[in-house]
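Residues in the sequence shown are numbered consecutively from 1, following the UniProt record's numbering.
By construction, the Cβ of each residue, glycine as well, lies at the ideal position given by its N, Cα and C atoms.
Have a look at the structure below, then the notes.
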Amino acid sequence: MDNTMNGGGDHHHHSPYHGQETYLEDIPLKPPKAKKPVPDGVTTIDCTPYFKCLGLTSPWLRRVWFVKDICGLVCAVITWMLLLYAEYVVMIVMLLPQFFSPYNFFNAIVYNFFSFMALSSHLRAMLTDPGAVPKGNATRDNILKMGLRDGEVVFKCPKCVSIKPERAHHCSVCQRCIRKMDHHCPWVNNCVGETNQKYFVLFTMYICIISFHALYLAVTHFVTCLGKEWKSCSGFSPPATTVFLIFLIFEALLFGIFTGIMFGTQVSAICSDETGIEQLKREAARWERKSRWRSMKGVFGQPFGWHWFSPFATPKFAYMENDLHTV
1 MDNTMNGGGD
11 HHHHSPYHGQ
21 ETYLEDIPLK
31 PPKAKKPVPD
41 GVTTIDCTPY
51 FKCLGLTSPW
61 LRRVWFVKDI
71 CGLVCAVITW
81 MLLLYAEYVV
91 MIVMLLPQFF
101 SPYNFFNAIV
111 YNFFSFMALS
121 SHLRAMLTDP
131 GAVPKGNATR
141 DNILKMGLRD
151 GEVVFKCPKC
161 VSIKPERAHH
171 CSVCQRCIRK
181 MDHHCPWVNN
191 CVGETNQKYF
201 VLFTMYICII
211 SFHALYLAVT
221 HFVTCLGKEW
231 KSCSGFSPPA
241 TTVFLIFLIF
251 EALLFGIFTG
261 IMFGTQVSAI
271 CSDETGIEQL
281 KREAARWERK
291 SRWRSMKGVF
301 GQPFGWHWFS
311 PFATPKFAYM
321 ENDLHTV
């Protein structure tokens with residue numbers, strides 16, 4: 001899933017952090033000719049005026065962040081199609097023929113709830129700014145405002161022409177530096193970073209839940225149909241029902257295992273206060289590691305509550321990082 005684990009072409013020689021080093025004595029007396037950042041791989045849309053027209057003054061999504069990547073868009077559409085296929089087989093093939101039986105009605109409610117949460121988490125992870133660093137802020141004035149002492153270093157991204165925060169990495173797809181970038185995931189067509197990691201974790205969790213729920217329903221339905229000799233167990237013919245169920249079982253098993261592993265990996269990385277890129281590159285921790293509980297609150301917000309599991313609740317972070325960092 002990760003096509004920017006190499007930091008989008010960044011190189012580092014004297015430090016584990018990416019970017020060009022700038023010392024206080026290296027700052028020119030006269031501002032050099034401004035270097036233009038590379039073109040953005042994303043576009044942002046301000047949705048506030050549209051929400052105001054609907055009478056919503058505090059919408060949960062004010063700005064839409066959209067990555068202009070064909071591969072990512074194809075992967076996102078495939079994700080939605082797989083969700084729709086599973087919805088069709090679970091509801092139309094298996095549950096609707098006897099919908100008002102307590103078993104079918106209960107499973108329909110549970111499955112559709114978690115399916116809705118999975119889709120919402122996917123959209124929120126895809127359309128949320130993952131923590132992009134402002135472009136072009138590596139100016140002489142901004143560097144001087146940081147109050148560097150002799151020998152202190154600030155790192156700049158030569159592509160974004162920005163002051164690079166600690167633990168930020170440049171994404172070659174988004175063409176932006178992302179704070180606490182974990183990886184770029186084509187399935188959500190976005191980077192997973194400081195401000196949208198919660199939604200990505202929820203997406204993997206809810207997909208894992210509905211995958212194993214669908215797997216249970218499909219296997220149970222197949223055994224039931226065999227026991228009834230396919231009488232009144234489906235609105236489709238036995239061969240068609242069998243094909244639907246086989247494809248659903250394969251899809252549910254594949255994505256249930258995949259998202260379960262991804263969910264466990266993400267939670268483990270959060271608890272260890274280390275991103276996927278940092279683990280891959282074995283970067284020495286120059287930052288102060290937080291406790292497991294504080295790291296979880298740093299991703300899901302504080303205090304602990306139902307909003308941890310809601311893709312509609314924007315986290316109130318336990319700590320916020322500044323865009324200008326020195327190391």
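- Note that the C-beta distance between K180 and T275 is below 8 angstroms.
- Looking at A214, I270, I261, D273, the one whose alpha-carbon comes closest to that of F247 is A214.
- Less than 8 angstroms separates the beta-carbon of D69 from that of V173.
- Straight across, the Cα-Cα distance linking K36 with A168 is about 20 angstroms.
- When T259, V93, K52 are compared, the shortest CA-CA separation from C225 is found for V93.
- Taken through DSSP and simplified to helix, strand or coil, N196 comes out as coil.
- Shown here for Y206: same chain residues with a beta carbon closer than 7 angstroms to its own, the five before and five after excluded, namely F114, M117, A118, S121 in chain order.
- Residue pairing from DSSP places T43 in a beta bridge opposite F66.
- With contacts defined as CB atoms closer than 8 angstroms, A132 and I178 qualify as a contacting pair.
- For the pair V154 and K135, the CB atoms are not nearer than the 8 angstroms cut-off.
- Annotated as proximal: K156 and A138, with beta-carbon spacing under 8 angstroms.
- Contact fails between the stretch 285–303 and the stretch 234–245, because fewer than three Cβ pairs, one in each stretch, are under 8 angstroms apart.
- Check the Cα spacing between C191 and each of G72, L54, C271, E87: the tightest is with G72.
- A distance below 7 angstroms between beta-carbons, with the five flanking residues on each side excluded, links C208 to the following residues of its chain, in chain order: G256, T259, G260, F263.
- C185 sits buried, since 16 or more C-beta atoms from the chains shown fall within 10 Å of its C-beta.
- By the C-beta density criterion, Q98 is exposed, having fewer than 16 other C-beta atoms within 10 angstroms.
- One thing to note: V74 has its Cβ no nearer than 8 angstroms to the Cβ of R176.
- Annotation for A269: D182, T275, G276, Q279 place their beta carbon closer than 8 angstroms to its own, counting only its chain and skipping 5 residues before and after.
- By the criterion of a C-beta distance shorter than 7 angstroms, R292 is surrounded in its chain by C271, once the five residues flanking it on both sides are discounted.
- In chain order, L95 place their CB closer than 6 angstroms to the CB of A108, counting only its own chain and leaving out the 5 sequence neighbours on each side.
- The beta carbon of D46 sits closer than 6 angstroms to the beta carbons of R63 from its chain, once the five residues preceding and following it are set aside; these are given in chain order.
- Annotation: N189 to D150 spans about 42 angstroms, alpha carbon to alpha carbon.
- The beta-carbon separation of K198 and P303, rounded to 15 angstroms, does not stay under the 8 angstroms limit for a contact.
- 8 angstroms or more divides the Cβ of E251 from the Cβ of A125.
- Note on the stretch 125–170: whole alpha helix (DSSP H) runs with a minimum of 4 residues are 140–145, in chain order.
- Cα atoms of V90 and L123: separation of roughly 22 angstroms, rounded to the nearest angstrom.
- A residue is called buried once 16 or more other Cβ atoms fall within 10 Å of its Cβ, and P311 is buried on that count.
- Secondary structure at R292: helix, using DSSP grouped into helix, strand and coil.
- Here L202 is near F309, since their CB atoms are less than 8 angstroms apart.
- Apart from sequence neighbours up to five positions away, the residues of its chain that approach S211 with a beta-carbon distance below 7 angstroms are A252, F255, G256, T259, ordered along the chain.
- Under the three-state reduction of DSSP, N190 is assigned to strand.
- Check the Cα spacing between W187 and each of V219, L127, P102: the tightest is with L127.
- Taken in chain order, the complete beta strand (DSSP E) segments of 3 residues or longer contained in the stretch 174–249 are 176–178, 183–185, 190–192.
- Within the same chain, V93, F244 come within 8 angstroms of F236 by CB-CB distance, once the 5 residues on both sides are set aside.
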